[in-house]
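Peer 1: Structure provided below as structure tokens; questions to follow.
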Amino acid sequence: MFGDLFEENFSFVSNNQCGKGKKSKSKDTEPPAPREFTKLSGIKNQGGTCYLNSLLQTLHFTPEFREALFSLGPEELGSLEDINKPDVKVRIIPLQLQRLFAQLLLLDQQAASTTDLTESFGWNSNEEMRQHDVQELNRILFSALETSLVGTSGHDLINRLYHGTVVNQIVCKECKNVSERQEDFLDLTVAVKDVSGLEEALWNMYVEEEYFENDNLYRCGTCNKLVEAAKTHLEDLEYMYELFSVIIHKGGCYGGHYHVYIKDVDALGNWQLQEEESKLMTEEKVQKDTENIKEMENPLTILKGIISEEESKQIPVDQLGQKLLEKKGMSWNKKYRKQYGPIRKYLQNHSQIFQLSPDDKKVSLKEMYHQLQFGSDCRGQVLQSPSQNSDVQWTSESLCTVLKDSTSGSHWFDLNDSKVQPIKEKDIEKQFQGKESAYMLFYRKSQLKRPSEAQANPRYRVPGHLLNEMDAANIELRKRRVDSDSADNNIDLRLHLGSHYKLYNGALHPSLSWKESVLDLTIDKRKTLGDLRQSIFQLLEFWEGDMILSTAKSLPAGLHVYQTLDGDEMTLGGTGLADGADVFVWNGKEVGGVEVLPGLDHEPVLLNVLRLAGYNEGGKGQHFIESQHVVPCSAELSTLWKALASPGGIILMNSSGSDKEVENWKVIPEEDMKKTVKIVGLTDGSSILVLDSHDQSLVNVASGNLTAFMHDISWLQVKNFCQLEAEEKQVKITATVETVMSDIKIKAIQELRLGEELVDDSCLRPINGKGKLLSPVPEDYTVKEAELKMGSLLGLCHGKAPTSTQLFLYFVIGNDLQGTPEMEIVVEETASVRECLNLMLEKSGLPGENWHLRRLDWCYEAGEALSEEGARLRELNVCSGDTLVITEGKLPPKGFLKVPIWWYKPLIHFGQQESMQDQVNCMTCMMGALRVSPAGDSPAYVQSDIGLCYAGDVEISGEAFLEDLKIQAMTLPFFQELSVPSPEFLRAWTLESKRPGKLLRNNQQQLNEYKLGGRTEICIEPLQKEENLGPSDLLLRVQMGIPGERDYYHSVDLVWDTSKECTAWALRHRLAAHYSLPVEKIEIAKYFPEKFEWMTISSWTQQISKRKRKKKQESLQSAPFHLKDGDIIGVKNLLLEEGKDFSTVRDDIGKETQRQLAMEKKKSRQAQRLQNDVLSEGKVATKHRKPEVALSINVGIFR
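Residues 1179 to 2377, numbered by the numbering used here, are exactly what the sequence shown covers, in order.
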């Protein structure tokens, strides 16, 4: 999703309030809704941006972040008006964020739009519909802001507000040497599974003392050996923190919905609940008293009280039960044992609170129970908040999510996209369990006090230019709402003048043109019926007699009049007139001298009348003549029968229409003739079949059903491709699903007036939508067996059609299938692959036997080979219409593989004397020169950042070993020029997209076990020494950064044993040992060459026990690193350089080149899409889904 996130050179998009993909509405008619009673603004969801909205609202309600951002003026950030000036740096992301915050504070609208902000991110409509993790977005947004603010006074904004540290001390038990390590963080992640609360989770993760002993010893730098040690935490100044934002997630790990609960620190909103507040006060008091009683009965509270009352602050476990009996009058076994078990086990299960002596005989409270310390200088992130460098203390009260306002007037709101509602604190506490639960918590220092002028003042510290912009926007909004209110009440009426209509076939029809018979009138629906009548008088030049207004409706049969509008004092809205309503203006009695019967009982019904018009000589079907007939719904069926049927005839009806099943056709019995059209269920579009006396054989008189299958009657089109002179080139042939194709062909030849000799030398071939002739249809097939639909287009072509035992096949020659014409052939389905190939070679005139057949895959490329040349086509599921490819070269014997071999050598590091731009240009040009293996033996070099040279093909048994493949590769002419002592000096890779893919590591493993496909290619890499990698060994390309330069030394191969663990902690230790550096003095990152990006591999929880390390740290071979053989790892020596930026100048230029190519490609796609829209107007374009990509950030260069 974030492939182009935060690109700084995007064109500025105007304030469009409409979401992408929606039809834009005029600003004059559709202003945004004003704020609701909370006086706070939500944020529109663009389809899948609820996670973004929750994070933006949290940052907006963080006063320190909001005001720090507002403090950056145009002189530092630039102006959005200069976005298109190439010589001006415009930091568009912080500018759009400022603007959004100003809209949330001051603009009177229910929900603000993030369209401009996401446009500055570089997101498109697909990305706005895709949901991601809010914590991941938080980190990537902060990183992008830091980069965007380089060189401004806000360059340290994120570091100043959100950066924190964790300080660990490790004390050697032998020499008492103290080793300190300070590690950075922006947020803290805690495991909440199987813990009683947030307090215990933090204790387990950051406070509980760790011991290094037994198999997990610590290497002391002073003793220079492995020793027992203990890890402790520093104690310093204590700060209290309070929760102020809870981001809630509802759903599973693959989707769901985000919204956020936020504490209104500056009292910007109007917090009001409904009148239930007063009713619930008594219930809350009762509930609170009940909770207090429960708390007093809680064994944890009771035992802590007993121990704390002891003078020595400890008590023998055996006496603890006696003390409980004296205090509560009831023993542990009688009151608590059934629920909590024995008292000693209960103490052990709460080891974070109770400390048992080594002999388990005495118990005391843990000294650090009330003090949870670790360093921080953060201001408002997950379990964090604003500060200076110091240690942090969270008391138990601040961690267990008991939400008590420390500032009078601070209340909580639920911000759910566009919707903002007040919420009670006690309701927030429910959101820490179940499917809708707290996911991300934000804290602020409780010592931070807001100035009085900031309270209930949304204009506080908003820059002047944004104040002016919002004031002007609010004035425009108010004007638009006034105009919209008037427009919302206007309705358009169509006035049908009775003097311009006539009545026939039971419905009203204009006697003049539509323009002369109908008048359009726009009127406010709050006006009265008398006002409408007066407006009509003013429109008409002359009206004689009474004016009656009636509602009307256009039906398939024509216009019909319904209810008369009475009561001049009634409003138009009260009469039920809506926008677009039809009103008939007449005298209330007649039109053109003919009486008009209004109302539902006299609605005209339009029926389809079908008559048989003779039999079709070419098949069993019938020709039908269809006409339309209008009758009042109150008319009796006898009237309809007299008007339509001849003496002795009968009528069948189908209320579902003429194209439905035969069962829907029913004969109208004699007793129903006095029923009305409406009663029997005939409506607009119903069908009537009129049969004369000689056609009644189609009817089963006993059941009253039709025996002929109406839906079987069909027609086909036949086009002449015989290249003969004919009066007609295309004719329509009537047929049924049972008509034989030979009959259709004979009828088509007759209709086209062609010679009878074509009957024995022609066939019918379906034509697809692209105009391609498909395989001929066997002449003994029926229309149904040929799977032809009504209206299908057939081509009459020379040549006999294949029989039911023959196959019609297409075939092409060579690899360039797009430019090679297709040829056609008819073969027996019992023919073998070799016989079919020989017939194709004979027809195409190809010499020799060095050919084989392949299927055509879905990509229109040569696919699977037909390797069993003796097998019959029918056995291989080859069907009529299939396309086969004649490919040069004989197939290897069964069980053998034909493997193309490439020589692979990683290119050396770029020379320092070559400019970075030249390097990137060289890389881009070589990437464009990528091509497939040549057929000859001459080497061909491909790729850019790697060296690949085609060496030749090797035919080898699938049961051979990898070592045999290497030995055969060494016999190729290309390898004989090199000096390779043995196969152990060669490394084999599969080739994927012209890059080394999977490393084949075991020389004694059979090739079949590697599951190499028939088109797998292998590249061979030479080595300086023998290599025999184990199954758990990971091969990495490691390169050390050059101090003081944005570049690296030559890479070296590093073999890393991952059998024990494959974590960041283990990799750091392996690299530190390789370079003989302290583990805390290196930084490492993985390189993604296709994107010119580095991803830092951090591990700030290094000095922890093995038990917890396995639980906390995930494998580097999983997301997001997906570490595999051949990956490049960069290493920074912190003893020689402080910067942790792994990127090079080459990466910057590469990213810029990629961005320019992407922009050009986007413009090309837009131009092509516009051209396609012009060429195929009215067609729905297919929306292609983009593949998922890893998260990445592209920010403009501000160094």
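Glycine is no exception: its CB is placed at the ideal position from the N, C-alpha and C atoms.
1. Going by DSSP in three states, isoleucine 1701 sits in which element: helix, strand or coil?
2. Quick one: grab the DSSP three-state call for proline 2200.
3. Mind checking glutamine 1712: buried by the 16 CB within 10 Å criterion, or exposed?
4. Identify the continuous beta strand (DSSP E) that holds glutamine 1599 and give its terminal residues.
5. Starting from the Cα of proline 1494, find the closest Cα among Val1370, Val1769, Val1541, Leu1319 and give me that residue.
6. Output the boundary residues of the alpha helix (DSSP H) element that contains phenylalanine 1299.
7. Between the Cα of phenylalanine 1715 and the Cα atoms of Glu2223, Ala1616, Leu1673, which residue gives the shortest distance?
8. For a quick check, are the C-beta atoms of glutamine 1276 and aspartate 1294 less than 8 Å apart?
9. Please go through the same chain and pick out, in chain order, the residues whose beta-carbon is closer than 7 Å to the beta-carbon of valine 1405, but skip the five residues on each side of it.
10. Quick one: using the 10 Å Cβ neighbour count with 16 as the cut-off for buried, is histidine 1589 buried or exposed?
11. Kindly indicate which residue of Asp2303, Ser2276, Trp2272 has the alpha-carbon position closest to the one of lysine 2329.
12. At a cut of 8 Å, does the stretch 2194 to 2212 reach the stretch 2150 to 2165 through at least three beta carbon pairs?
13. Taking only three categories from DSSP, how would you classify aspartate 1365?
14. Whether or not the stretch 1759 to 1779 and the stretch 1647 to 1654 are in contact is what I'm after, with contact meaning three or more pairs of Cβ atoms, one per stretch, closer than 8 Å; do they touch?
15. Work out the CA separation of lysine 1506 and leucine 1525 for me, nearest whole Å.
16. Taking the Cβ atom as the reference point for each residue, do serine 1864 and leucine 1788 lie within a distance shorter than 8 Å?
17. If you scan the stretch 1233 to 1289 from start to end, which runs of the beta strand (DSSP E) of 3 or more residues do you find wholly inside it?
18. Where do the ends of the alpha helix (DSSP H) carrying glycine 1524 lie?
19. Please name the residue, chosen from Gly1225, Leu1972, Lys1354, Lys2172, that lies closest to glutamate 2195 on a Cα-to-Cα basis.
20. Just to confirm the assignment, what range does the alpha helix (DSSP H) spanning tyrosine 1340 have?
21. Give me, in chain order, the residues of the same chain whose beta-carbon lies closer than 8 Å to that of leucine 2054; leave out the 5 immediate sequence neighbours on both sides.
22. In terms of DSSP beta bridges, what is lysine 1540 paired with?
23. Tell me which residue opens and which closes the alpha helix (DSSP H) that valine 1660 is part of.
24. Tell me whether leucine 1930 is buried or exposed, calling it buried when 16 or more other Cβ atoms sit within 10 Å of its Cβ.
25. Leaving out five residues before and five after leucine 2301 in sequence, what residues of the same chain have Cβ atoms less than 6 Å from its Cβ?
26. On a CA-only basis, which of Val1640, Glu1245, Arg1213, Thr1917 is nearest arginine 1659? Give me that one, please.
27. Could you check the C-alpha separation between arginine 2347 and glycine 2219 for me, to the nearest Å?
28. On the criterion of 16 or more Cβ atoms from any shown chain inside 10 Å, does tyrosine 1617 qualify as buried, or is it exposed?
29. Would a check of beta-carbon distances place lysine 2302 closer than 8 Å to chain C?
30. Taking DSSP's pairing of strands, which residues face glycine 1220 in a bridge?
31. To the nearest angstrom, report how far apart lysine 1693 and leucine 1717 are at their CA atoms.
32. Just confirm the distance between the C-beta atoms of serine 2213 and leucine 2156, as a whole number of angstroms; I'd bet it's less than 8 Å.
33. Can you tell me whether DSSP reads valine 2158 as helix, strand or coil?
34. Inspect the beta-carbon positions of glutamine 1288 and serine 1357 and report whether they are closer than 8 Å.
35. Threonine 2274 bridges to which residues according to DSSP?
36. Is lysine 1907 buried or exposed, if buried means 16 or more other CB atoms sit within 10 Å of its CB?
Peer 2: Reading it off the structure:
1. strand
2. strand
3. exposed
4. 1597 to 1601
5. Val1541
6. 1293 to 1299
7. Leu1673
8. no
9. Cys1350, Lys1351, Glu1352, Leu1395, Tyr1396, Cys1398
10. buried
11. Trp2272
12. yes
13. coil
14. no
15. 18 Å
16. no
17. none
18. Per the sequence shown, the amino acid found at residue 1524 is tyrosine instead of glycine. Start and end: 1521 to 1527.
19. Lys2172
20. 1335 to 1340
21. Val2011, Leu2044, Glu2046
22. Pro1494
23. 1642 to 1666
24. buried
25. Leu2294, Gln2295
26. Arg1213
27. 46 Å
28. buried
29. In the structure shown, chain C does not exist; there is a single protein chain.
30. Ala1289
31. 14 Å
32. Looking at the sequence shown, residue 2213 is not serine but leucine. Their Cβ separation, rounded to whole angstroms, is 21 Å, which puts leucine 2213 and leucine 2156 out of contact at 8 Å.
33. coil
34. no
35. Ala2263
36. exposed
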